[in-house]
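Scroll down for the structure; my scribbles are underneath it.
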Amino acid sequence: MLQTRRSQTEVAPELRVSQSVISRLQQRYRETGRVTERRRSGRPLATSQADDRYIVNNALRNRMMNATQLQARLREVRGTQVSRQTIRNRLHQHGLRARRPARVPDHTTRHRHHRLAWAREHLRWTSDQWSKQLHYSFFYSRKKYKIKILN
Numbered sequence: 001m002l003q004t005r006r007s008q009t010e011v012a013p014e015l016r017v018s019q020s021v022i023s024r025l026q027q028r029y030r031e032t033g034r035v036t037e038r039r040r041s042g043r044p045l046a047t048s049q050a051d052d053r054y055i056v057n058n059a060l061r062n063r064m065m066n067a068t069q070l071q072a073r074l075r076e077v078r079g080t081q082v083s084r085q086t087i088r089n090r091l092h093q094h095g096l097r098a099r100r101p102a103r104v105p106d107h108t109t110r111h112r113h114h115r116l117a118w119a120r121e122h123l124r125w126t127s128d129q130w131s132k133q134l135h136y137s138f139f140y141s142r143k144k145y146k147i148k149i150l151n
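First residue of the sequence shown: 1, per full-length UniProt numbering; consecutive thereafter.
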């Protein structure tokens, strides 16, 4: 846009950035011939972008894998040795968080017998009989069981 001889103040609103950003980019282009990000100081990342994609894709494909398993898979397949915390950091950067799976209470033999008896008792119920029953749903959220009454 600047090569078409338009001013920085004209270009900035179109790109939704301030005029100073345009000025810095123009200066960098004059000095280096490019406007890409320059290297920054600080410790380099332990994983490449390809490693990051591999970690995220594996986590999405295998939802039950934990950080230790992802770490072992990365080392085995790509030869990259990183800590479990690095694996967690990469997953967090891509919006993936650990979740505790919803757990259904175990049924004892007594529960099974009661459920079977109830099912046999209601086996031949008509639609009209079922419509008079109160419908509800149990669900688990934030480590608490909740009951939702359905209409």
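By construction, the Cβ of each residue, glycine as well, lies at the ideal position given by its N, Cα and C atoms.
Beta-carbon proximity check, residue 84 vs residue 67, cutoff 9 Å: yes
Enclosing alpha helix (DSSP H) for residue 113 [first to last residue]: 109–121
Per-residue burial, residue 90 [other beta carbons within 10 Å of its own, 16 or more giving buried]: buried
Burial state of residue 174, where buried means 16 or more other Cβ atoms lie within 10 Å: There is simply no residue 174 to check, as the chain begins at 1 and stops at 151 in what is shown.
CB contact flag (residue 9, residue 48, <9 Å): no
Exposure of residue 71, with buried meaning 16 or more beta-carbon neighbours within 10 Å: buried
Whole-angstrom distance between residue 55 and residue 87, CA atom to CA atom: 7 Å
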